[in-house]
Amino acid sequence: MSSLPRHVLVTGGAGFVGSHFCDRLVEAGCRISVLDDLSRGKRDWVPAGASIYEVDIRDRDGVAAAYADARPDAIAHLAALHFIPAVDDAPELADAINVGGTRNVLEAVRAHPPERLIFASTAAVYANVSEPLSETRAPAPIDVYGRTKLAGEQLVEAFATETETRCVNARLFNVIGPRETNPHVLPEIVDQVRSGADELELGNLEPKRDFVDARDVAAALTMLLENAEPGAAAYNIGTGTSVSVADIVRTCSKIAEREIAVRQVPERMRAVERQVLVADVSKIENAVGWRARWSLRDTLTELLA
Ligand SMILES: NC(=O)c1ccc[n+]([C@@H]2O[C@H](COP(=O)([O-])OP(=O)(O)OC[C@H]3O[C@@H](n4cnc5c(N)ncnc54)[C@H](O)[C@@H]3O)[C@@H](O)[C@H]2O)c1
219 MSSLPRHVLV
229 TGGAGFVGSH
239 FCDRLVEAGC
249 RISVLDDLSR
259 GKRDWVPAGA
269 SIYEVDIRDR
279 DGVAAAYADA
289 RPDAIAHLAA
299 LHFIPAVDDA
309 PELADAINVG
319 GTRNVLEAVR
329 AHPPERLIFA
339 STAAVYANVS
349 EPLSETRAPA
359 PIDVYGRTKL
369 AGEQLVEAFA
379 TETETRCVNA
389 RLFNVIGPRE
399 TNPHVLPEIV
409 DQVRSGADEL
419 ELGNLEPKRD
429 FVDARDVAAA
439 LTMLLENAEP
449 GAAAYNIGTG
459 TSVSVADIVR
469 TCSKIAEREI
479 AVRQVPERMR
489 AVERQVLVAD
499 VSKIENAVGW
509 RARWSLRDTL
519 TELLA
């Protein structure tokens, strides 16, 4: 049964990925409500006309009251503590938001479950291996963030067995694009290039990641929600190609049409546990016909303009 819900409540809908997703849902004709504590997200990024519930996802009663008031057909649960250094600095907070918050959402909707639910999970649920990661691979997260998201997926899977709700665990790879809220390496590079620097101060250059544009992610989440099947299923959202930090700098140099050197500075070096993180995207391509349209070069060209 492929159909787009009429009304979607998006937790974290004022954030980076969430706001692009809301834009996409509105374009597709959906009504949206947003639940967000605005700790990272911005009210201005929420499409006009949407109801905003300014609620902390850890507030069980507040989440239940927002759901009861909105009465959506579907829930997209994106609110989370996502930036890995922030999670590592505050693992208990990450657990309360990412796991406790997901539990609160599922408890809030249990009495009147929505038709569909999509949960923003992550590539960080996978083991530390370099080959393209398929959903058939057993999850084996190596950090706190990945463990909190895997716990969220498992809560969603249990919920799907107890209700009629069609559930999706969407495993996002490295999302890039306008409105990025967290100080990841790509916005750092873009900021330094835009400032006119000919020598960038960066940390590790070798790690390779699968960078996917937020507009593509928004389209993928919409198509997964539309085509959700009974039960719970996991889908990767990535491009299927991996790119190093050094490659990003080279692409910026071509776009800016100037030589850009790099100086590695110790204070920016991080203990990197994963050298390569790349998606196998055959499942989502086959199931809903989605594939990324934005190239890294196009996204960078827009960000550098
Ligand atoms: N950006 C990525 O590369 C990426 C990759 C994998 C998974 N994800 C997942 O996608 C989702 C969205 O990530 P994002 O990049 O848009 O991050 P983000 O920080 O921009 O968005 C999270 C949103 O949740 C809100 N939020 C945070 N804590 C909250 C709380 N306690 N109560 C209510 N709202 C709260 C924030 O204000 C923000 O609007 C997250 O679940 C994240 O784990 C993102």
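Read in order, the letters of the sequence shown correspond to residues 219 to 523 in the numbering used here.
Every residue gets a Cβ at the ideal spot worked out from N, C-alpha and C, and that includes glycine.
Answer yes or no: do residue i and residue j have a C-beta to C-beta separation smaller than 8 angstroms?
i	j	result
residue 346	residue 278	no
residue 499	residue 445	no
residue 431	residue 395	yes
residue 370	residue 440	no
residue 383	residue 295	no
residue 239	residue 510	no
residue 324	residue 373	yes
residue 341	residue 495	yes
residue 297	residue 261	no
residue 248	residue 227	no
residue 386	residue 368	no
residue 317	residue 403	no
residue 473	residue 517	no
Here's the rule I'm using: 16 or more other beta-carbon atoms within 10 Å means buried, otherwise exposed. How should residue i be labelled?
i	result
residue 410	buried
residue 393	buried
residue 312	buried
residue 273	buried
residue 460	buried
residue 379	exposed
residue 220	exposed
residue 365	buried
residue 401	exposed
residue 334	buried
residue 507	exposed
residue 224	exposed
Give me the Cα-Cα distance between residue i and residue j, rounded to the nearest whole angstrom.
i	j	result
residue 250	residue 243	7 angstroms
residue 310	residue 299	11 angstroms
residue 417	residue 481	7 angstroms
residue 420	residue 259	26 angstroms
residue 452	residue 476	42 angstroms
residue 308	residue 355	29 angstroms
residue 405	residue 456	18 angstroms
residue 315	residue 275	7 angstroms
residue 328	residue 488	41 angstroms
residue 289	residue 505	29 angstroms
residue 362	residue 336	22 angstroms
residue 523	residue 413	12 angstroms
How many whole angstroms separate the CB atoms of residue i and residue j, which I take to be in contact at a CB cut-off of 8 angstroms?
i	j	result
residue 252	residue 264	5 angstroms
residue 381	residue 331	4 angstroms
residue 338	residue 390	6 angstroms
residue 469	residue 234	Actually they are not in contact, since the Cβ atoms of residue 469 and residue 234 sit about 21 angstroms apart, beyond 8 angstroms.
residue 458	residue 350	7 angstroms
List the endpoints of the continuous beta strand (DSSP E) containing residue i.
i	result
residue 482	479-482
In the DSSP assignment, find the alpha helix (DSSP H) that holds residue i and state where it starts and stops.
i	result
residue 283	278-288
residue 203	One cannot answer for residue 203 here, as it falls past the ends of the chain, which runs 219 to 523.
residue 473	463-474
residue 238	234-245
residue 500	500-506
residue 360	Counting along the chain, residue 360 falls outside any alpha helix (DSSP H), and DSSP gives it neither H nor E.
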